[in-house]
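Notes for the one structure printed next.
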Amino acid sequence: DVNLKMPRNNQLLHFAFREDKQWKLQQIQDARNHVSQAIYLLTSRDQSYQFKTGAEVLKRMFAPALPSDLLVNVYINLNKLCLTVYQLHALQPNSTKNFRPAGGAVLHSPGAMFGALSAWR
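Take the sequence shown: its position 31, counting from 1, is numbered 216 in my numbering, and each next residue is one higher.
Written out as structure tokens, the structure reads:
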């Protein structure tokens, strides 16, 4: 199950994965393939390589594509497949950076300023 609370309309969205579909193993295989490809791309470039365009970075993994202000993190924690959705906010020029988790538990600090919307499976 995935529960997602969107702050814009304060509505709780609930999604469930169908148990009759074999999605889990395929998702894990896809994740492994993406990690392997990322490791290959990172190790095959010089350490000082700078990406020149956004087209060099694979950004689209969902169909339809996510809105540009959302970031999704899928990871495995113990025996659970976890999904964390972050909504990005533009900082005002004079504002301070802070990380404010909301919704579910955030199991790790992503190292950047995001407002966590939800984190559980």
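Ideal placement from N, C-alpha and C gives every residue a C-beta, glycine not left out.
**Prompt:** At which residues does the beta strand (DSSP E) containing Lys-237 begin and terminate?
**Reply:** Here the question's residue 237 lines up with position 52 in the sequence shown. First-last for Lys-237: undefined, no H or E at that position.
**Item:** Separation of Arg-217 from Leu-226, as counted between CA atoms
**Value:** In the sequence shown, residue 226 corresponds to position 41, counting from 1. In the sequence shown, residue 217 corresponds to position 32, counting from 1. Approximately 14 Å between the Cα atoms of the pair.
**Request:** Using alpha carbons as the reference points, say which of Ala-275, Tyr-234 and Asn-264 lies closest to Asp-254.
**Result:** In the sequence shown, counting from the first residue as 1, residue 254 sits at position 69. The option with the nearest alpha carbon to Asp-254 is Ala-275.
**Item:** Beta-carbon proximity of Val-257 to Leu-251, cut-off 8 Å
**Value:** Against the sequence shown, residue 257 aligns to sequence position 72. Against the sequence shown, residue 251 aligns to sequence position 66. Contact flag set, yes.
**Asked** Around the C-beta of Tyr-260, are 16 or more other C-beta atoms found within 10 angstroms, so that it is buried, or is it exposed?
**Response** As a position in the sequence shown, residue 260 is number 75, starting the count at 1. The residue in question, Tyr-260, is exposed, as its Cβ has fewer than 16 Cβ neighbours within 10 Å.
**Message:** Tell me the DSSP secondary structure of Lys-190 in three-state form.
**Reply:** Working through the sequence shown from its first residue, we reach residue 190 at position 5. Here Lys-190 sits in strand by DSSP.
**Asked** When the Cα atoms are used, what is the spatial distance from Thr-164 to Val-220?
**Response** Examination of residue 164 is not possible in this model, given that the chain is present from 186 through 306 alone.
**Item:** Through-space distance from Gln-211 to Pro-278, alpha-carbon basis
**Value:** On the sequence shown, residue 278 is found 93 positions in, with the first residue counted as 1. On the sequence shown, residue 211 is found 26 positions in, with the first residue counted as 1. Rounded to the nearest angstrom, the two C-alpha atoms are 43 Å apart.
**Asked** Where Ala-223 and His-199 are concerned, what is the direct C-alpha to C-alpha distance, given to the nearest angstrom?
**Response** If you number the sequence shown from 1, residue 223 lands on position 38. If you number the sequence shown from 1, residue 199 lands on position 14. C-alpha separation (whole angstroms): 31 Å.
**CA-to-CA distance, Pro-192 to Asp-215, given in whole angstroms** = Residue numbering aside, residue 215 sits at position 30 when the sequence shown is read from its first letter. Residue numbering aside, residue 192 sits at position 7 when the sequence shown is read from its first letter. Each residue's alpha carbon lies about 30 Å from the other.
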